[in-house]
Ligand SMILES: Cc1cc2nc3c(=O)[nH]c(=O)nc-3n(C[C@H](O)[C@H](O)[C@H](O)COP(=O)(O)OP(=O)(O)OC[C@H]3O[C@@H](n4cnc5c(N)ncnc54)[C@H](O)[C@@H]3O)c2cc1C
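Numbering (the numbering used here), first residue to last: 229 to 686.
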């Protein structure tokens with residue numbers, strides 16, 4: 229790749245105004261149609277779309293592996309442990325689910341419903357009914373906020389008389405679902421999330437599925453894009469050199485964007501910089517515990533919530549895909565605090581929490597443990613992006629391309645499927661199509677289904 233310093237680029241750009249050729253070594257002045265920043269779900273989808281249009285592209289990934297926040301670890305426990313995404317939402321329409329069979333992977337439907345604990349005992353029927361009623365009322369209240377176009381804190385939209393399940397609702401809809409307290413999230417943003425009416429799991433892991441869909445893509449790992457020049461010439465700067473492009477698709481998280489990990493030259497317009505900051509990442513982590521012989525008597529993939537006074541709670545996914553893996557999820561402020569103390573504090577918390585629900589022997593049943601710390605990942609910085617109250621429209625702003633050359637994609641750039649792998653995928657495909665259209669490689673009609681020929685009447 230061409231080595232071009234920031235200063236020489238700026239000088240070259242200025243010169244290009246008068247004479248539109250940048251002075252580069254002929255041998256090194258490589259240019260591709262599209263550069264894709266990041267090899268998570270959005271980057272993989274974008275690359276596949278550009279490849280399908282037979283345009284040249286490069287994908288730079290700062291980290292050492294594929295998948296970003298959707299990656300499966302099989303090394304730690306010898307069975308798949310999804311470090312990030314695990315639930316395959318709406319599998320009937322999810323574009324990744326469609327590829328599972330061809331990839332030789334095994335998808336199965338997740339059981340509906342949850343297992344509820346009240347302290348160390350199972351919830352009684354009347355308590356379960358109370359929980360379901362509280363859930364329906366909470367969801368309705370959020371929908372009312374959408375109808376009223378109210379961009380208030382989601383916590384304010386929630387009913388206050390949910391009784392014994394108030395804290396559990398605040399946990400499920402806040403830290404567990406979006407990685408933040410509902411007080412810090414826009415009701416409109418939360419309620420706009422597309423309904424998830426069915427769920428599936430991939431026995432080999434959601435990350436394994438995404439990695440299969442990326443097979444054959446020429447990802448350049450351990451190569452961070454440190455700067456994007458989007459003035460009169462378009463180029464990216466990496467520690468290994470620079471590359472010119474006709475379009476750039478940035479799929480880095482809002483944590484990376486707001487953390488100024490990528491320098492934009494000229495600077496990112498205030499509108500977009502503010503939008504990234506208003507879509508701050510929440511915190512959600514998984515603490516995986518190997519617990520053989522099912523001592524809690526739970527079913528495969530049982531999802532367990534507890535009755536609790538406030539949002540500082542956790543959730544358990546037991547016997548993941550029938551393995552001895554039990555995954556405790558922590559979110560929001562509690563997750564941030566535990567993660568800051570380190571992995572040992574996280575696994576200690578999970579052991580103690582399980583002991584509170586299933587008795588003191590639960591902690592002793594744990595053989596091996598591992599916790600994720602997404603907030604500490606320098607190229608992600610958290611879990612999923614949700615809008616601060618009053619800023620539900622920030623996603624639309626991030627959808628606007630920079631100078632018709634740079635597109636943002638990723639989970640944060642989807643209005644209704646944000647915080648999901650399928651949303652990231654769709655936004656990557658959408659950004660690629662917008663870039664291809666700008667390059668003349670795609671006509672507006674190319675996206676539309678072929679018009680059916682009228683049937684001949686006999
Ligand atoms: C704990 C957890 C649980 C979740 N559970 C679910 C779930 O069950 N179901 C679901 O659908 N979703 C879930 N999600 C959300 C889902 O994982 C994300 O929405 C999705 O994976 C995001 O994909 P993305 O492509 O937008 O971003 P990312 O996956 O973050 O990909 C961006 C990539 O860009 C790279 N990058 C960043 N900066 C640079 C740079 N400067 N140069 C080069 N590369 C760079 C990063 O290393 C990363 O690989 C979960 C997330 C977490 C953290």
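Where a beta carbon is used, it is the ideal one built from N, C-alpha and C, also for glycine.
Please report the straight-line C-alpha distance between residue i and residue j, rounded to a whole angstrom.
| i | j | result |
| --- | --- | --- |
| residue 601 | residue 672 | 42 Å |
| residue 655 | residue 353 | 42 Å |
| residue 667 | residue 660 | 10 Å |
| residue 519 | residue 309 | 14 Å |
| residue 500 | residue 588 | 50 Å |
| residue 290 | residue 361 | 45 Å |
| residue 327 | residue 391 | 44 Å |
| residue 325 | residue 331 | 10 Å |
| residue 546 | residue 560 | 21 Å |
| residue 446 | residue 264 | 11 Å |
| residue 395 | residue 577 | 19 Å |
| residue 574 | residue 606 | 19 Å |
| residue 653 | residue 479 | 10 Å |
| residue 572 | residue 379 | 39 Å |
| residue 315 | residue 339 | 11 Å |
| residue 274 | residue 321 | 18 Å |
| residue 429 | residue 493 | 42 Å |
Pull up the DSSP beta-bridge partners for residue i, would you.
| i | result |
| --- | --- |
| residue 448 | 288 |
| residue 472 | 259, 463 |
| residue 295 | 268 |
| residue 336 | 429 |
| residue 554 | 517 |
| residue 492 | 456 |
| residue 559 | 512 |
| residue 599 | 515 |
| residue 580 | Residue 580 is not bridged to any residue. |
| residue 414 | 381 |
| residue 659 | None, per the DSSP bridge assignment. |
| residue 300 | 310 |
| residue 645 | None, per the DSSP bridge assignment. |
| residue 534 | 345 |
| residue 478 | 265, 636 |
State the start and end residues of the unbroken alpha helix (DSSP H) segment that holds residue i.
| i | result |
| --- | --- |
| residue 398 | 394–399 |
| residue 635 | Not the alpha helix (DSSP H): residue 635 falls in the beta strand (DSSP E), residues 634–636. |
| residue 359 | 353–375 |
| residue 503 | 498–506 |
| residue 625 | 622–626 |
Less than 6 Å between C-beta atoms, sequence neighbours within five positions excluded: which residues of the same chain meet that for residue i?
| i | result |
| --- | --- |
| residue 419 | 370, 371, 373, 374 |
| residue 383 | 410, 411 |
| residue 630 | 458 |
| residue 613 | 482, 507, 509, 640 |
| residue 647 | 612, 639 |
| residue 556 | 515, 542, 544, 578 |
Cutting at 7 Å between CB atoms, please list the residues of its own chain near residue i, excluding the five before and the five after it.
| i | result |
| --- | --- |
| residue 504 | 482, 485, 486, 626 |
| residue 522 | 547 |
With a threshold of 8 Å on Cβ separation, who are the neighbours of residue i within its own chain once the five nearest residues in sequence on each side are excluded?
| i | result |
| --- | --- |
| residue 398 | 383, 386, 409, 410, 538, 539 |
| residue 644 | 420, 421, 422, 651 |
| residue 425 | 318 |
Starting from residue i, trace the beta strand (DSSP E) both ways and give me its first and last residue.
| i | result |
| --- | --- |
| residue 390 | That residue, residue 390, is in no beta strand (DSSP E); it is neither H nor E in DSSP. |
| residue 345 | 343–346 |
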